[in-house]
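The structure appears below as structure tokens.
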Amino acid sequence: MRRRTFCKTALGAAVAATLPGCGSGSKSPAADVGSFIPAVSGAGDEISIESAAIVELADNLQGHLYLQADAGYNAAKLVWNGMFDHKQPAMVVQCASTDDVVSAVTFARERDLLVSVKCGGHSLPGKSTSDGGMMIDLSQMHSVDVDVDAMTMRADGGSLLSHLDDAAMAHNLLTTTGIVSHTGAGGFTLGGGLGRTDRKMGLAIDNLLAATVVTASGDVVHASEDENADLFWGLRGGGGNFGVVTEFVYRLHPFNPTVYGGDLIYDIDKDFFEFYAELHDTLPDEANIEPNLAPGEDGRMAAIVGVTWCGDHAAGEKALAPMLAFAGLKSGELGPLSYHDLQTGADGFLGHGRQYYLKSGFLRELTPAAIEVIVEFANRGTVGAWFQHLGGATSRIASGATAYVHRDVAFNFGIMYFGDDPAQNDAGIAAVREFYQAMQPHMAGFYTNLHDDSEQNTWGNYGPNYPRLVGIKNKYDPGNLFRLNANIKPSA
Ligand SMILES: Cc1cc2nc3c(=O)[nH]c(=O)nc-3n(C[C@H](O)[C@H](O)[C@H](O)COP(=O)(O)OP(=O)(O)OC[C@H]3O[C@@H](n4cnc5c(N)ncnc54)[C@H](O)[C@@H]3O)c2cc1C
């Protein structure tokens with residue numbers, strides 16, 4: 029066994045501590061468990077994993093394997109939502125290559141070990157971690173290359189949205205990414221991928237050209253319209269159900285990184301939302317208008333409307349003039365804006381480690397009844413809410429063309445609690461649920477990437493696309509190794 033890699037695990041370090049220059053010399057807790065490590069199976073049963081096998085796995089990795097006693101474990105196991113800081117995977121396999129992913133997947137499958145996959149770690153319900161499982165951590169795999177002539181971008185499966193935006197914008201190009209730059213491209217893309225440019229450029233999946241996937245069998249499979257087209261269809265909206273994606277290839281679009289836009293502030297009232305509903309119906313694809321219902325500068329709840337126009341500025345000025353002319357405008361202005369600043373503006377207050385809880389759903393339209401609920405609950409000020417503006421290019425694709433089925437909706441509507449004091453969580457969660465319960469009758473399904481934990485919801489949410497997804501699951505993951513997600517259960 030090679031000495032360098034043997035020291036990669038606490039287990040290895042515990043044994044190697046007796047060797048000069050390797051290990052800290054202190055006894056690793058991992059060594060106390062003897063020749064087995066306690067873990068949890070996919071079905072949730074307690075299992076034991078042979079220490080020797082873990083050492084062998086670590087030895088063969090280009091990346092690192094962390095056991096609970098290792099110095100780097102506590103940092104490596106963290107996910108974005110601080111509500112899941114308490115989770116303790118049995119091991120974190122921090123992969124550096126597709127081969128590492130193959131080794132980790134094979135190891136877990138052969139032992140029926142519970143698996144989670146972490147890219148950016150932003151799963152709201154904490155699906156990228158577990159108690160007692162193996163976390164396959166892709167965060168070290170984030171190289172991105174742009175082919176300017178072909179207008180395509182290749183990104184490793186652990187890339188963040190900032191990596192994608194920065195690489196593409198360096199060439200005045202772009203593909204749709206989301207509104208917080210430390211979100212992972214992995215989960216984001218596989219669930220659909222909504223962002224400020226989706227009405228013009230389509231969702232992230234509408235720009236996905238190919239992917240490389242490590243399936244549950246440990247095979248490395250390429251997926252595109254021409255190769256394994258069934259898998260490619262499923263990857264575009266089916267989440268992490270079919271394997272670990274180690275590489276994405278996206279289409280890029282010409283893009284001026286200085287957009288036209290700004291924040292405009294209005295009262296949260298019926299007049300504003302009626303105006304917004306009417307405006308939505310008339311806007312060209314370049315316009316993205318997203319009210320964020322949150323406390324304004326004076327502490328009162330307000331509709332802080334993020335306006336982005338990704339096109340010719342003069343045309344934007346003309347199309348968006350009604351927003352400035354609307355009598356309810358309280359403050360704010362529109363003008364040239366750095367898209368980079370826009371994409372990173374929420375990174376701080378939606379940062380890692382805070383307490384978050386969210387429920388959401390799509391709206392086909394903003395009906396008077398929905399407006400009534402929004403105005404009443406948002407003005408209570410107990411929790412915030414936001415819109416993501418859809419339609420445009422996202423709606424000009426048939427609902428059966430990709431696994432993502434919700435092509436006929438106009439908005440994604442989220443209700444979110446966030447804070448820093450875990451003692452406030454129960455009250456925050458209750459407020460989100462109450463608001464959501466009132467909104468739910470007006471919603472038309474929900475965004476897979478913001479799913480809650482209900483299996484029934486997952487089935488229903490894919491509508492007519494669900495049976496096809498089950499068929500793909502049966503083919504690529506019949507044992508449901510990849511179950512920590514909006515899970516599509518195999519029927520085989
Ligand atoms: C602050 C914040 C802002 C957001 N903004 C947007 C937005 O603007 N638009 C939008 O569409 N969504 C947005 N989302 C939702 C986001 O798309 C999902 O939370 C998504 O799952 C995050 O991806 P991740 O890789 O960071 O998550 P992770 O927690 O790392 O992964 C989530 C799940 O995705 C799967 N997965 C991740 N990477 C891979 C991979 N390479 N291969 C296979 N499976 C993988 C796994 O099943 C995993 O359980 C936001 C979420 C947050 C928390």
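Under the numbering used here, the residues of the sequence shown are numbered 29 to 520, in order. Ideal Cβ positions, reconstructed from N, Cα and C, are used throughout, including at glycine.
{"Item": "According to DSSP, is S519 helix, strand or coil?", "Value": "coil"}
{"Item": "Indicate whether L509 and V241 have their beta-carbon atoms separated by less than 8 angstroms.", "Value": "no"}
{"Item": "If you run the structure through DSSP and keep just helix, strand and coil, what is N489?", "Value": "helix"}
{"Item": "Let's see if you can read the secondary structure: which residues bound the alpha helix (DSSP H) around I457?", "Value": "N453 to M467"}
{"Item": "In this structure, how does DSSP classify K298 when only helix, strand and coil are distinguished?", "Value": "helix"}
{"Item": "State the start and end residues of the unbroken alpha helix (DSSP H) segment that holds R408.", "Value": "P396 to R408"}
{"Item": "Since F439 is in the beta strand (DSSP E), which residue starts that stretch and which ends it?", "Value": "F439 to G447"}
{"Item": "What separation, rounded to the nearest whole angstrom, lies between the Cα atoms of M111 and F303?", "Value": "38 angstroms"}
{"Item": "Quick check on the burial criterion: 16 or more other C-beta atoms within 10 angstroms. Buried or exposed for P57?", "Value": "Reliability of the predicted coordinates at P57 is poor, the pLDDT of 36 falling under 50, and the value obtained from them is presented with this limitation in mind. Exposed, by the Cβ-count rule."}
{"Item": "Return the chain-ordered list of same chain residues with a C-beta closer than 8 angstroms to the C-beta of A118, the five sequence neighbours on each side being excluded.", "Value": "I65, P66, A67, V68, I77, L95, Q96, L141, G160, G161 and M162"}
{"Item": "So, with DSSP's three-state summary, where would you put G363?", "Value": "strand"}
{"Item": "Apart from the five residues on each side of it in sequence, which residues of its chain come closer than 6 angstroms, Cβ to Cβ, to S171?", "Value": "D184"}
{"Item": "Among residues of its own chain, excluding the 5 on either side of G344, which ones have a beta-carbon nearer than 7 angstroms to its beta-carbon?", "Value": "Y288, E314 and W337"}
{"Item": "Is H150 near ligand 1, in the sense that its beta carbon is under 7 angstroms from a heavy atom of that ligand?", "Value": "yes"}
{"Item": "Closest to A521 by C-alpha separation, out of T205, T274, T211 and H210, would be which residue?", "Value": "Residue coverage of the chain in this structure runs from 29 to 520, which leaves residue 521 outside it and unanswerable."}
{"Item": "Let me check one thing: in DSSP terms, what residues is D140 bridge-paired to?", "Value": "Bridge partners of D140: none, in fact."}
{"Item": "Per DSSP, what kind of secondary structure is A315 in: helix, strand or coil?", "Value": "strand"}
{"Item": "Please report the distance separating the alpha-carbon of G28 from that of P364.", "Value": "The structure shown does not extend to residue 28, since the chain spans only 29 to 520, so no value can be given for it."}
{"Item": "With respect to the beta strand (DSSP E) encompassing M179, which residues constitute its N-terminal and C-terminal limits?", "Value": "Element bounds for M179: n/a, residue is neither H nor E."}
{"Item": "When you compare only the Cα positions, how much space is there between L386 and V272?", "Value": "25 angstroms"}
{"Item": "Which same chain residues end up closer than 8 angstroms to N502 when comparing Cβ atoms and leaving out the 5 residues on each side of it in sequence?", "Value": "P518, S519 and A520"}
{"Item": "Quick one: is the Cβ of W108 within less than 7 angstroms of any heavy atom of ligand 1?", "Value": "yes"}
{"Item": "Can you give me the start and stop residues for the alpha helix (DSSP H) that S187 sits inside?", "Value": "Run containing S187: none; DSSP gives neither H nor E here."}
{"Item": "Measuring CB to CB, does V176 end up less than 8 angstroms from H199?", "Value": "yes"}
{"Item": "My output table needs one value for F415: the three-state DSSP class, helix, strand or coil.", "Value": "strand"}
{"Item": "Using only CA atoms, which one of G356, M229, G339 and W261 lies nearest to T430?", "Value": "W261"}
{"Item": "Counting C-beta neighbours from all protein chains within 10 Å, is the total for Q122 16 or more, i.e. buried, or is it exposed?", "Value": "buried"}
{"Item": "For K155, count neighbouring Cβ atoms within 10 angstroms of its own Cβ and tell me buried if that reaches 16, exposed if not.", "Value": "buried"}
{"Item": "Excluding the five sequence neighbours on either side, which residues of its own chain have a C-beta within less than 6 angstroms of the C-beta of Y445, listed in chain order?", "Value": "Y385, V411, G456 and V460"}
{"Item": "My output table needs one value for E74: the three-state DSSP class, helix, strand or coil.", "Value": "strand"}
{"Item": "How many Å lie between S22 and V133 at the Cα?", "Value": "Coverage of the chain is limited to positions 29 through 520, which leaves residue 22 absent and any answer about it impossible."}
{"Item": "Could you tell me the distance, in whole angstroms, from the CA atom of P396 to the CA atom of F405?", "Value": "14 angstroms"}
{"Item": "Would you call the CB atoms of L106 and G149 closer than 8 angstroms?", "Value": "yes"}
{"Item": "When every heavy atom of ligand 1 is checked, does at least one fall within less than 7 angstroms of the C-beta of V208?", "Value": "yes"}
{"Item": "Can you tell me where the beta strand (DSSP E) holding E275 begins and where it ends?", "Value": "V272 to R279"}
{"Item": "Rounded to whole angstroms, what's the CA-CA distance from K55 to G215? Just pull it up for me.", "Value": "Note that K55 scores a pLDDT of 28, beneath 50, so its modelled location is shaky; the value from the coordinates is reported in the next line. If you take the alpha carbons of K55 and G215, they lie about 38 angstroms apart."}
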